[in-house]
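Written below as structure tokens is the structure these notes are about.
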Amino acid sequence: MNAEQLLRLHFETFVDDPERWKTLIADDLAWELPFAPALGHPARLDGRDQVLGHVGWFVGAVENFRFFDLRIHPGANPLEASAEVKAEGLIKPTGRRYEQDYVLFVRVKNGKLAFIREYFDPVRAALALDAPIPALAS
0 MNAEQLLRLH FETFVDDPER WKTLIADDLA WELPFAPALG HPARLDGRDQ VLGHVGWFVG
60 AVENFRFFDL RIHPGANPLE ASAEVKAEGL IKPTGRRYEQ DYVLFVRVKN GKLAFIREYF
120 DPVRAALALD APIPALAS
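Residue numbers 0 to 137, in numbering that gives the first Met the number 0, belong to the letters of the sequence shown in order.
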């Protein structure tokens, strides 16, 4: 599969079919989250174990999570693509609604997602999670 196809499947299976989603990712997947440190989360997840740990935490904290308004932008190279997508759900521990806009860039290697860079608004996440923003505390 090319990057565009894998990226579409990523959004279709991430929440609704996590076992299938796990088949889309490379064992050495690198997932960069440049704005996550503002929430006290890592800026990068390396390898299947770190990725599945973080994804498990997120999926466990949100109910009725869904992606919508997906726009995929194929790269000039079929092994690269980007996407813009909106998402919403309910944060279980706080009961607050979570609404987010995401931008992702991906690269594929050997038919699997090998690299993801994900941008999101950490302030929206902090408000929904009722979490402090360590970057603002100093």
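We treat Cβ as the ideally placed atom computed from N, Cα and C, and that holds for glycine.
Residue of the options minimising C-alpha distance to residue i
i: aspartate 68; options: Tyr97, Lys21, Lys85, Phe114; result: Lys85
i: lysine 21; options: Pro92, Ala82, Ile90, Val50; result: Val50
i: arginine 19; options: Asp120, Glu87, Leu112; result: Leu112
i: proline 121; options: Ala42, Ala25, Ile71; result: Ala42
i: asparagine 1; options: Ala37, Ser81, Phe13, Leu89; result: Ser81
i: phenylalanine 154; options: Phe119, Leu89, Phe66; result: For residue 154 there is no data in the structure shown, the boundaries of the chain being 0 and 137.
i: proline 33; options: Phe119, Pro131, Ile132, Ala124; result: Phe119
i: isoleucine 24; options: Phe114, Arg123, Ala127, Leu128; result: Phe114
i: glycine 52; options: Lys108, Pro17, Arg123; result: Pro17
i: arginine 123; options: Glu31, Ala37, Asp26; result: Ala37
Where residue i sits in the DSSP three-state scheme
i: histidine 9; result: helix
i: aspartate 16; result: coil
i: lysine 21; result: helix
i: aspartate 26; result: strand
i: arginine 65; result: strand
i: glycine 39; result: coil
i: phenylalanine 114; result: strand
Exposed unless 16 or more other CB atoms sit within 10 angstroms - verdict on residue i
i: glycine 39; result: exposed
i: phenylalanine 9; result: It should be noted that the sequence gives histidine, not phenylalanine, for residue 9. With 16 or more other Cβ atoms within 10 Å, it is buried.
i: glutamate 62; result: exposed
i: alanine 75; result: exposed
i: tryptophan 56; result: exposed
i: glycine 88; result: buried
i: glutamate 98; result: exposed
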